[in-house]
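Chemist: Here it is, the structure, as structure tokens.
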Amino acid sequence: QQSSPGEPEFYQAVEEVLESLEPLFKKEKKYSEHNIIQRIVEPERMITFRVTWIDDKGKIQVNKGYRVQFSSAIGPYKGGLRFHPSVNSGIIKFLGFEQIFKNSLTGLPIGGGKGGSDFDPKGKSDNEIMRFCQSFMTELYRHIGDTIDIPAGDIGVGGREIGYLYGQYKRLTGSYEGVLTGKKIPWGGSLARTEATGYGAVYFADSLLTSRNDQLAGKTAVVSGSGNVAIYTIKKLIEMGATPVSCSDSRGFIYHKTGINLNTLQQLKEQGKNESLEEYAKIHKDAKYTPVKDYPKGRNPVWSIKCDLAFPSATQNELNLADAKELLKNGCILVAEGANMPSTPEAVHAFLEAKILYGPGKAANAGGVATSQLEMSQNASMLQWSFEEVDGRLRNIMHNIYLSASQTAEEFGQPHNLVLGANIAGFRKVANAMIDQGAV
Ligand code: NDP
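Just so it is clear: in the sequence shown, position 5 is 16 by UniProt numbering, and no numbers are missing.
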């Protein structure tokens, strides 16, 4: 930790992976002989840059921009951009590190990267967002390309931001290429990309339940977040016969016992809108809104709602040990992580000890990046596949990720431990490629 101080989330992510890899390193010496760990925890490249932009009052504003190009062992760097005031180099490195193994697990040829800025899109006008995105891309464009590094969205970056970033990339390079994913449909986007992460998390949960001869239909689910991942998790849960009863944002959460109304949620939260969930409770009188100021200290009360299934879909470390115990006490049988690293290490251990069905983020939320790769394939071949085609492939990919993680977990004698299974399966492919490619 001495060489990169002040990056707690990065160390948390690395420690989890290293702990899982112990049985693999005991079994196969080649990974130590080739110094894979020392190499893989060091990004191939970390780019930081200044982003200056003019606000609506004519004042110059400055933000930090980042792109980590973590690993290109099995394909071009691929991973989203996050715009959120909490972004710093440690957050970007944790996300980039996770991305290496997640991308490997998809079975597709994509390396690991991530980027973003401490820019806060909240309260900014459309023109301010555009000027920020243009300035961000004015620096980033020289480091990316459709076979080099292909960024996408993440927290605070959706179709609108990808549009402004893409427009600026074209202006600077004169090249119309699939350099970003999450594009809108008329200019190179893939059908089902918007839905992919949430749908994928639910497909993953379906594979988990099916393995125990169980099903989604009839189950009650709690979901956190109310952004891209949460909305499409809720949508697919409803389609598959489950009842999602909650959603949240950074200001509070909704508990709607009879089921979240998807239309209302989308009206409040999509198309660049981010209205308070308090409005939801005004429309649906039987729903209860709780603002953050009323949360018990050190707790996220979303996880105290009685449920069968939990889908953390907001942000990192949003579910701690006390929350995990509450979920278990209330009879929750499955946790599928739509967000990246939403459960603290202590919460993860509690789930594993209880032997509930637990799908870690790098497996359960890989549907987004997998579909991004399908978008790259369509761009490269100048084709557009139907929604059903992409959705069908996504479903297959999610099931294969489940199989790969669970078979690997079984191989190492811990069949219920998909953290171990996902980490080893993701790592092994990247590490073998690194050995093949020599000391680079
Ligand atoms: P969005 O920006 O669309 O939505 C994020 C949601 O989480 C918002 O409701 C936001 O509330 C809430 N949130 C964010 N930070 C916090 C916080 N600190 N405390 C409480 N609530 C918070 O992002 P996405 O839905 O795209 O991403 C959600 C998670 O899923 C992230 O962990 C992301 O890395 C992960 N993910 C996303 C993928 C994708 O394809 N989009 C792919 C794989 C993983 P508010 O608006 O009030 O801030």
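Ideal placement from N, C-alpha and C gives every residue a C-beta, glycine not left out.
From a predicted model like this one, the values you see are computed outputs, not experimental measurements.
Following a CB-centred definition, is G200 positioned closer than 7 Å to any heavy atom of the ligand NDP?
Modeler: The sequence position of residue 200 within the sequence shown is 189, counting from 1. No, since every heavy atom of the ligand NDP falls outside the 7 Å radius drawn around the Cβ of G200.
Chemist: Are three or more beta carbon pairs between the region 231-247 and the region 206-221 nearer than 8 Å?
Modeler: Yes, they touch.
Chemist: Taking the beta strand (DSSP E) that T63 belongs to, which residues open and close that run?
Modeler: Reading the sequence shown from its first residue, position 52 is the one you call residue 63. Run containing T63: 56-65, per the beta strand (DSSP E) assignment.
Chemist: How far does the beta strand (DSSP E) with T269 in it extend, from its first residue to its last?
Modeler: Along the sequence shown, read from residue 1 onward, the residue named residue 269 stands at position 258. Here T269 belongs to no beta strand (DSSP E), and DSSP marks it neither H nor E.
Chemist: Examine the ligand NDP and report whether any of its heavy atoms sits within less than 7 Å of the Cβ of E364.
Modeler: As a working note, residue 364 is residue 353 in the sequence shown. Every heavy atom of the ligand NDP is 7 Å or more from the Cβ of E364, so no.
Chemist: Taking Cβ to Cβ, would you say P353 is nearer than 8 Å to N328?
Modeler: Stepping through the sequence shown from its first residue, residue 353 is reached at position 342. Stepping through the sequence shown from its first residue, residue 328 is reached at position 317. Taking 8 Å as the Cβ cut-off, P353 and N328 qualify as a contacting pair.
Chemist: Measure the C-alpha to C-alpha separation of residue 452 and K68 and round it to an integer number of angstroms.
Modeler: There is no way to answer for residue 452, as the model of the chain reaches only from 12 to 451.
Chemist: When the Cα atoms are used, what is the spatial distance from T63 to G252?
Modeler: Start at 1 with the first residue of the sequence shown, and residue 63 comes out as number 52. Start at 1 with the first residue of the sequence shown, and residue 252 comes out as number 241. Roughly 48 Å separates the two Cα atoms.
Chemist: Checking 8 Å against the spacing of the C-beta atoms, do E364 and S201 come in under that value?
Modeler: The residue labelled residue 364 in the question sits at position 353 within the sequence shown. The residue labelled residue 201 in the question sits at position 190 within the sequence shown. No. Outside cutoff.
Chemist: Is it buried or exposed for F322, if we count other Cβ within 10 angstroms and need 16 for buried?
Modeler: In the sequence shown, counting from the first residue as 1, residue 322 sits at position 311. It is buried - the Cβ of F322 has at least 16 other Cβ atoms within 10 Å.
Chemist: Less than 7 Å between the CB of R262 and some heavy atom of the ligand NDP, yes or no?
Modeler: Translated into the one-based positions of the sequence shown, residue 262 becomes position 251. Yes; taking the cut-off as 7 Å, the Cβ of R262 has a heavy atom of the ligand NDP nearer than that.
Chemist: What is the DSSP secondary structure of C144, counted as helix, strand or coil?
Modeler: Taking the first residue of the sequence shown as position 1, residue 144 is located at position 133. Note: C144 maps to helix in three-state DSSP.
Chemist: Taking only three categories from DSSP, how would you classify A321?
Modeler: Against the sequence shown, residue 321 aligns to sequence position 310. Strand, per DSSP.
Chemist: Beta carbon of I344: closer than 7 Å to some heavy atom of the ligand NDP?
Modeler: As a first step, residue 344 is located in the sequence shown; it is residue number 333 there, counting from the start. It does not: the Cβ of I344 is nowhere closer than 7 Å to a heavy atom of the ligand NDP.
Chemist: In the DSSP assignment, find the beta strand (DSSP E) that holds R93 and state where it starts and stops.
Modeler: Indexing the sequence shown from 1 puts residue 93 at position 82. That run of the beta strand (DSSP E) goes 88-94.
Chemist: Check the Cβ-Cβ distances between F322 and every residue of chain B, and say whether any is below 8 Å.
Modeler: Here chain B cannot be found, since the structure has a single protein chain.
Chemist: With three or more beta-carbon pairs closer than 8 Å as the criterion, would you say the region 294-310 touches the region 260-278?
Modeler: Because the criterion of three Cβ pairs below 8 Å is met, the region 294-310 and the region 260-278 touch.
Chemist: When you compare each of L414, D297, Q278, N285 to G269 by their alpha carbons, which one comes out closest?
Modeler: Along the sequence shown, one-based indexing puts residue 269 at 258. Inspection of the sequence shows that residue 269 is occupied by Thr rather than by Gly. Selected option, being the one with the closest Cα: D297.
Chemist: Quick check on the burial criterion: 16 or more other C-beta atoms within 10 angstroms. Buried or exposed for Q80?
Modeler: Numbered from its first residue, the sequence shown carries residue 80 at position 69. That one is buried.
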